[in-house]
Structures are given as C-alpha cells and as structure tokens.
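Participant: Structure below; questions to follow.
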Amino acid sequence: MQFSTDVENMFTQEEIEEILKDEQNFYIEHAEKNWLNRYFKIKAMANETKVPSIISSISDMPHGSSNFKKSKTEMYALKTIQASEWLDILHLTIDSLSPIEQELIELKYLRRRNDGSRYSDEVIYPQLFVGKTRYYEIKKEALEILGRHLYGVFAERGFS
168 MQFSTDVENM FTQEEIEEIL KDEQNFYIEH AEKNWLNRYF KIKAMANETK VPSIISSISD
228 MPHGSSNFKK SKTEMYALKT IQASEWLDIL HLTIDSLSPI EQELIELKYL RRRNDGSRYS
288 DEVIYPQLFV GKTRYYEIKK EALEILGRHL YGVFAERGFS
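Each number in the working numbering corresponds to the 1-based position in the sequence shown with 167 added.
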C-alpha cells in the first residue's frame with residue numbers, strides 16, 4: 168500500500184493514466200506488428216518444403232569452428248521447425264483468451280478474404296453479435312493480453 172501511495176504522490180492521476188495507456192499501446196502494437204501481421208508469412212514458411220541445391224562447392228577456406236557453415240538442407244529444416252514453433256506459441260496464446268476474444272482474433276487476423284485482404288471490423292462485429300463499441304473494447308483487450316504474453320516469449324526466445 169505504501170508504494171502505491173508514494174507513486175500517487177510522485178505522479179498526477181493524468182500522468183499515471185498516460186503511462187498506462189502508453190504501455191497498453193506498446194503491447195497492442197507488439198501483438199499486431201510482431202505476431203499477427205506476420206502470421207501468413209510464418210505459416211507459409213512452416214508449410215514450405217524446399218529442395219536444397221545438390222551442387223557441391225569447393226572452397227580454399229579451412230573449415231575451422233569459426234567458419235563452420237550448416238548445410239542448406241539443415242538450414243531449411245531449422246527454418247521450418249522455428250516457424251512451426253512460432254505458430255504453436257501464437258496459437259497456444261490465442262487459446263488462453265476468452266472464447267469471444269479468440270473468435271475475434273481468428274476472424275480479424277487469421278483469416279483472409281478471397282482477394283487476400285483482411286476482413287474489416289464492420290464485417291466482423293455483427294458475426295460476434297456485439298455492438299461496434301463493445302467490439303472495439305474486446306479487440307483492444309484481446310490484443311493487449313496477447314501482446315503481454317507474447318512479449319515475454321519474444322524476449323525469452325528471441326523471436327524476431
């Protein structure tokens with residue numbers, strides 16, 4: 168309790184609200200920019216099967232530990248595994264949301280129209296049987312929760 172009182176004495180209520188709003192916006196932006204906007208690209212990488220070149224190369228550089236290069240086959244396999252892990256983390260985090268938040272994220276970010284674009288908010292909120300104002304409240308809350316959870320994973324595992 169004392170800490171809370173000390174903080175309230177250091178900052179005005181408006182400053183505290185502004186700090187919290189900035190923090191909320193940071194997590195929302197993180198969820199959208201680093202995870203949801205990259206979903207289809209990462210999904211394609213996870214499902215991609217590449218056949219590496221079978222052409223040999225000869226080099227006069229010694230194969231010391233500092234010059235060690237992984238094979239192309241190994242690099243493709245690692246990228247596919249990393250993309251699959253990234254998708255698993257995203258889906259597990261989405262599964263931790265409430266059912267309406269999960270459906271909103273699914274409809275808004277994980278599905279595309281026939282032309283490849285996202286569905287607009289005006290198309291989605293009637294499908295969720297909520298009003299426009301409530302829809303934006305749910306969306307903001309869901310994105311913040313996702314951003315907070317995924318930021319921890321982002322920092323811990325170094326996803327970029």
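Where is the CB? At the ideal position from N, CA and C, for every residue including glycine.
Please name the residue, chosen from S265, D262, S287, that lies closest to L274 on a Cα-to-Cα basis.
Facilitator: Position 107 of the sequence shown, counted from the start, is the residue given in the question as residue 274. The candidate whose alpha carbon is nearest that of L274 is S287.
Participant: Measuring straight from C-alpha to C-alpha, what distance separates L245 and R205?
Facilitator: In the sequence shown, the residue the question calls residue 245 occupies position 78. In the sequence shown, the residue the question calls residue 205 occupies position 38. Approximately 18 Å between the Cα atoms of the pair.
Participant: May I have the straight-line CA-CA distance separating I305 from I291, to the nearest angstrom?
Facilitator: Sequence index remark: in the sequence shown, residue 305 carries index 138 (1-based). Sequence index remark: in the sequence shown, residue 291 carries index 124 (1-based). For I305 and I291, the distance between alpha carbons rounds to 12 Å.
Participant: Would you mind sorting L259 into buried or exposed? The rule is 16 or more other CB atoms within 10 Å of its CB.
Facilitator: Taking the sequence shown and counting its residues from 1, the one referred to as residue 259 is at position 92. So L259 counts as exposed.
Participant: What does a CB cutoff of less than 7 Å around M256 pick up in its chain, not counting 5 residues either side in sequence?
Facilitator: Your numbering for residue 256 matches position 89 in the sequence shown. Sequence check: residue 256 is Ile here, not Met. Once the five neighbours on either side are set aside, the close Cβ partners of I256 are V320.
Participant: Quick one: Cα of M212 to Cα of T240, how far?
Facilitator: In the sequence shown, counting from the first residue as 1, residue 212 sits at position 45. In the sequence shown, counting from the first residue as 1, residue 240 sits at position 73. Distance between the alpha carbons of M212 and T240 is about 14 Å.
Participant: Just the Cα atoms here: how many angstroms apart are V297 and I267?
Facilitator: Numbered from 1 along the sequence shown, position 130 holds the residue referred to as residue 297. Numbered from 1 along the sequence shown, position 100 holds the residue referred to as residue 267. Answer to the nearest angstrom: the Cα atoms are 10 Å apart.
Participant: Could you give the DSSP three-state label for W271: helix, strand or coil?
Facilitator: Here residue 271 corresponds to residue number 104 of the sequence shown, with the count starting at 1. Rather than Trp, the amino acid found at residue 271 in this sequence is Leu. Helix, per DSSP.
Participant: At what residues does the alpha helix (DSSP H) containing N201 begin and finish?
Facilitator: Locating residue 201 in the sequence shown gives position 34, counting from the first residue. Run containing N201: none; DSSP gives neither H nor E here.
Participant: State the DSSP-derived secondary structure class of Y341, mapped to helix, strand or coil.
Facilitator: The structure shown does not extend to residue 341, since the chain is modelled only from 168 to 327, so the question has no answer here.
Participant: Thinking I195 and L264 are a contact (beta carbons under 8 Å), I'd like their distance in whole angstroms, please.
Facilitator: If you number the sequence shown from 1, residue 195 lands on position 28. If you number the sequence shown from 1, residue 264 lands on position 97. Not confirmed; about 14 Å, so no contact.
Participant: Going along the chain, which residues of its own chain have a beta-carbon closer than 8 Å to the beta-carbon of L271, five neighbours each way excluded?
Facilitator: Against the sequence shown, residue 271 aligns to sequence position 104. Hits under 8 Å: I291, L295, Y302, I305, K306, A309.
Participant: Could you give the C-beta distance for T247 and E215, rounded to a whole number, given that I count them as a contact under 8 Å?
Facilitator: On the sequence shown, residue 247 is found 80 positions in, with the first residue counted as 1. On the sequence shown, residue 215 is found 48 positions in, with the first residue counted as 1. Confirmed, about 7 Å.
Participant: DSSP three-state label for L310, please.
Facilitator: The count along the sequence shown starts at 1 and reaches residue 310 at position 143. Residue state, collapsed to three classes: helix.
Participant: Which value, in whole angstroms, describes the spacing of the CA atoms of L277 and F207?
Facilitator: Sequence index remark: in the sequence shown, residue 277 carries index 110 (1-based). Sequence index remark: in the sequence shown, residue 207 carries index 40 (1-based). Approximately 8 Å between the Cα atoms of the pair.
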